[in-house]
Amino acid sequence: TEIERTEAIGSKYIVVHPGAFTEKDVDYGIHKIAEALNGILAKGIKPTICLETMAGKGTEIGRRFEELAKIIELIEHKEKMGICFDTCHTHDSGYDIIGDFEGVMEEFDAIIGLNYLKVFHINGSLNPNGAKKDRHANIGAEGDNPKGKDYIGFDTIYKIVHHPICQNKPLILETPWLDEKTNLYKEEIALLRGES
Numbered sequence: 045t046e047i048e049r050t051e052a053i054g055s056k057y058i059v060v061h062p063g064a065f066t067e068k069d070v071d072y073g074i075h076k077i078a079e080a081l082n083g084i085l086a087k088g089i090k091p092t093i094c095l096e097t098m099a100g101k102g103t104e105i106g107r108r109f110e111e112l113a114k115i116i117e118l119i120e121h122k123e124k125m126g127i128c129f130d131t132c133h134t135h136d137s138g139y140d141i142i143g144d145f146e147g148v149m150e151e152f153d154a155i156i157g158l159n160y161l162k163v164f165h166i167n168g169s170l171n172p173n174g175a176k177k178d179r180h181a182n183i184g185a186e187g188d189n190p191k192g193k194d195y196i197g198f199d200t201i202y203k204i205v206h207h208p209i210c211q212n213k214p215l216i217l218e219t220p221w222l223d224e225k226t227n228l229y230k231e232e233i234a235l236l237r238g239e240s
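One rule links them: number in the working numbering = place in the sequence shown (from 1) + 44.
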């Protein structure tokens with residue numbers, strides 16, 4: 045299983061999408077997710093399970109901080125739970141990480157608690173704020189990029205990765221692969237480190 049592989053490589057965290065509800069409503073979905081997580085955590089796994097913030101496509105759960113907080117409330121081994129903050133997903137779900145990242149973090153702390161914030165997925169978004177679509181973009185990409193324009197922008201992502209809240213946390217770049225000739229990962233990492 046993914047958890048066994050995560051344990052085998054010695055990773056502290058495993059990041060998962062919470063899921064979606066296919067019957068009834070969001071509360072039913074939240075309870076089913078918590079039930080499944082409690083079953084997994086009862087086995088005494090080593091890695092912390094980090095639920096990812098979601099964009100809000102369809103019946104996805106995790107588009108609002110309240111949904112993630114409700115899942116954690118239902119977990120017996122809360123010490124084995126965390127959150128992965130995905131910049132594209134959070135932007136696409138409607139949080140204003142561009143104009144008010146501080147406010148978003150304050151809201152996260154009030155609803156979930158910063159002690160649960162373990163990992164960041166760093167990426168741009170091909171969509172305007174609140175689009176609920178989950179389409180990642182290369183950091184700061186302009187209209188001539190084959191994958192499309194980044195609506196979050198380099199300046200915002202740069203501020204986020206250098207924010208004190210991100211220090212000593214894994215920051216995982218999750219931008220689109222273009223092709224062998226235009227491998228932007230190295231360039232994006234250098235830019236975000238301030239090396240270029």
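Glycine is no exception: its CB is placed at the ideal position from the N, C-alpha and C atoms.
In this text the structure is predicted, and so the values were computed from the model without any measurement.
Using only the alpha-carbon positions, how far apart do residue i and residue j sit?
i	j	result
residue 232	residue 117	37 angstroms
residue 177	residue 138	11 angstroms
residue 95	residue 71	16 angstroms
residue 111	residue 97	10 angstroms
residue 228	residue 51	30 angstroms
residue 222	residue 191	8 angstroms
residue 61	residue 214	17 angstroms
residue 90	residue 208	27 angstroms
residue 69	residue 216	32 angstroms
residue 172	residue 196	8 angstroms
Quick test of your reading: residue i and residue j, contact by CB under 8 angstroms. State the CB separation rounded to the nearest angstrom.
i	j	result
residue 57	residue 106	Actually they are not in contact, since the Cβ atoms of residue 57 and residue 106 sit about 16 angstroms apart, beyond 8 angstroms.
residue 115	residue 77	6 angstroms
residue 164	residue 210	6 angstroms
Name the residue from the options whose alpha carbon lies nearest to the alpha carbon of residue i.
i	options	result
residue 170	184, 157, 160, 164	184
residue 175	100, 83, 130, 162	100
residue 123	159, 181, 102, 140	159
residue 149	64, 128, 104	128
List the endpoints of the continuous beta strand (DSSP E) containing residue i.
i	result
residue 98	No beta strand (DSSP E) contains residue 98, which DSSP labels as neither H nor E.
residue 57	57–60
Got a sec, what are the start and stop residues for the alpha helix (DSSP H) residue i sits in?
i	result
residue 72	70–85
residue 199	198–205
residue 112	109–117
(request) With a floor of 4 residues, list each alpha helix (DSSP H) that falls wholly inside the region 134–186, ordered by position along the chain. (result) 145–155
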